[in-house]
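From first to last, the protein sequence lines are chains A and B.
Under the numbering used here, the residue at position 99 of the first sequence is numbered 99, and the numbers go up by one with no gaps.
Counting from 1 along the second sequence, just add 1000 to a position and that's the residue number in the numbering used here.
In this text, a Cβ means the ideal position worked out from N, Cα and C, and glycines have one as well.
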Amino acid sequence: DTEVTQTPKHLVMGMTNKKSLKCEQHMGHRAMYWYKQKAKKPPELMFVYSYEKLSINESVPSRFSPECPNSSLLNLHLHALQPEDSALYLCASSLRREGGWTEAFFGQGTRLTVV
Amino acid sequence: GDSVTQMEGPVTLSEEAFLTINCTYTATGYPSLFWYVQYPGEGLQLLLKATKADDKGSNKGFEATYRKETTSFHLEKGSVQVSDSAVYFCALRRGGSGNTPLVFGKGTRLSVIA
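Here it is as structure tokens:
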């Protein structure tokens, strides 16, 4: 299995809803990432988990709450979002090798629309 | 801090034309360099990579050489196809044992017309 799988592919939610994005990989990667990508922009890093521990939080608002329940799964819990949070949310993972971490492998993303 | 600068797009080419997308970087130490491609409505796919000076990454007819003296990693393809239409991102990751995040350029949109 050489994929990063994200569900759902599309999500429409109201500003008072609570929803979760899911990401799964079975490549034995021990780093997982959440990125946010707006149209015509590069991905912006949100969170990094290394060995299931949160290692980087790029000053993301608390309405986004990440969770890494095990080495294969990564969740992003969403609550009280704003319309400007509408974007493509990308999950990625990396493998630890001697000398450093490999390139990031990306999922197909979840297209989120907040109404 | 670390940064990546890509040529601004969009770039429009006819099928079978030669492609160059320029990428230069600023980083401490010896970063690894990457080109990612994003097709419409999809996530990012790794196109090619190079981890040390003078390495050449290649894939699907695309090539890029890690030039430390010019801090560059330009993407080239000899003959583009309509199916190459996508957004291309140059990126770096600083070397070392820490899990430093990828730093992306702003992306270059390529349109290939038949």
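In chain A, which residues lie less than 8 Å from residue i when you measure between Cβ atoms?
i, result
"Phe-953/B", "The question about residue 953/B has no answer, for chain B in this structure spans 1001 to 1114."
Using C-beta distances below 6 Å, list every residue in its chain close to residue i, excluding the 5 sequence neighbours before and after it, in chain order.
i, result
"Lys-22/A", "Thr-7, Asn-75"
"Phe-1034/B", "Lys-1049, Ala-1091"
"Arg-111/A", "His-10, Leu-88"
"Ser-1079/B", "Glu-1016"
"Gly-100/A", "none"
"Ser-1032/B", "Thr-1051, Arg-1093"
"Glu-1076/B", "Thr-1020, Glu-1063"
Output needed for residue i: all residues of its chain with C-beta closer than 7 Å, excluding positions within five of it in sequence on either side, in chain order.
i, result
"Arg-30/A", "Ser-50, Tyr-51, Ser-71, Arg-96"
"Lys-19/A", "Leu-11, Met-13, Leu-78"
"Tyr-1066/B", "Leu-1033, Ala-1050, Lys-1052, Ala-1053, Asp-1054, Asp-1055, Phe-1073"
"Ser-86/A", "Leu-112, Thr-113, Val-114"
Going along chain B, which residues have a C-beta under 7 Å from residue i?
i, result
"Ala-42/A", "Checking the sequence shown, residue 42/A turns out to be Pro, not Ala. In chain order: Phe-1089, Phe-1104, Gly-1105, Lys-1106, Gly-1107."
"Ser-55/A", "Asn-1099"
"Ala-31/A", "Asn-1099"
"Leu-45/A", "Pro-1101"
Chain A partners of residue i, CB-CB under 9 Å?
i, result
"Gly-1057/B", "Per Cβ cutoff of 9 Å: no residues; Gly-1057/B is ~11 Å from chain A at best."
"Gly-1096/B", "Gly-99, Gly-100"
Assuming residue i and residue j are in contact, meaning their beta carbons sit under 8 Å apart, how far apart are those beta carbons, in whole angstroms?
i, j, result
"Leu-1044/B", "Leu-90/A", "7 Å"
"Val-48/A", "Asn-1099/B", "6 Å"
"Leu-1107/B", "Gln-1006/B", "Residue identity check: residue 1107/B is Gly in the sequence provided, not Leu. That belief holds up - the Cβ atoms of Gly-1107/B and Gln-1006/B are roughly 7 Å apart, short of 8 Å."
"Asp-1002/B", "Val-1112/B", "Contact flag wrong, Cβ pair sits at about 31 Å."
List, in order along the chain, the chain B residues whose C-beta lies closer than 8 Å to that of residue i?
i, result
"Val-48/A", "Asn-1099, Pro-1101"
"Gly-21/A", "The sequence given here has Leu at residue 21/A, not Gly. The premise fails here: Leu-21/A is roughly 13 Å from chain B at the closest Cβ pair, so nothing lies under 8 Å."
In chain B, what lies closer than 9 Å to residue i by C-beta?
i, result
"Leu-173/A", "Residue 173/A is absent from the model: chain A starts at 1 and stops at 115."
"Leu-90/A", "Gly-1043, Leu-1044"
Once you ignore the five residues that flank residue i on each side, which residues in its own chain have a CB closer than 8 Å to its CB?
i, result
"Gly-1105/B", "Val-1004, Thr-1005, Gln-1006, Cys-1023, Phe-1089, Cys-1090, Ala-1091"
At a cut of 8 Å, does the region 1059 to 1066 of chain B reach the region 1075 to 1090 of chain B through at least three beta carbon pairs? Below 8 Å, enough C-beta pairs join the region 1059 to 1066 of chain B and the region 1075 to 1090 of chain B to call them touching: three or more.
Taking a cut of 9 Å between CB atoms, which residues from the region 94 to 112 of chain A lie near chain B? Under the 9 Å Cβ criterion, the region 94 to 112 of chain A contributes Ser-94, Arg-96, Gly-99, Gly-100, Trp-101, Thr-102, Glu-103, Ala-104, Phe-105, Phe-106, Gly-107, Gln-108, Gly-109, Arg-111.
Taking contact to mean 3 or more Cβ pairs, one atom from each stretch, closer than 8 Å, check whether the region 56 to 70 of chain A and the region 91 to 108 of chain A are in contact. No: fewer than three Cβ pairs fall under 8 Å.
Between the region 1038 to 1045 of chain B and the region 1017 to 1028 of chain B, are three or more C-beta pairs nearer than 8 Å? No, the region 1038 to 1045 of chain B is not in contact with the region 1017 to 1028 of chain B.
Using a Cβ-Cβ cutoff of 9 Å, what residues of the region 1024 to 1050 of chain B are near chain A? List them in chain order. Flagged, chain order: Ser-1032, Phe-1034, Tyr-1036, Gln-1038, Gly-1041, Glu-1042, Gly-1043, Leu-1044, Gln-1045, Leu-1046, Lys-1049.
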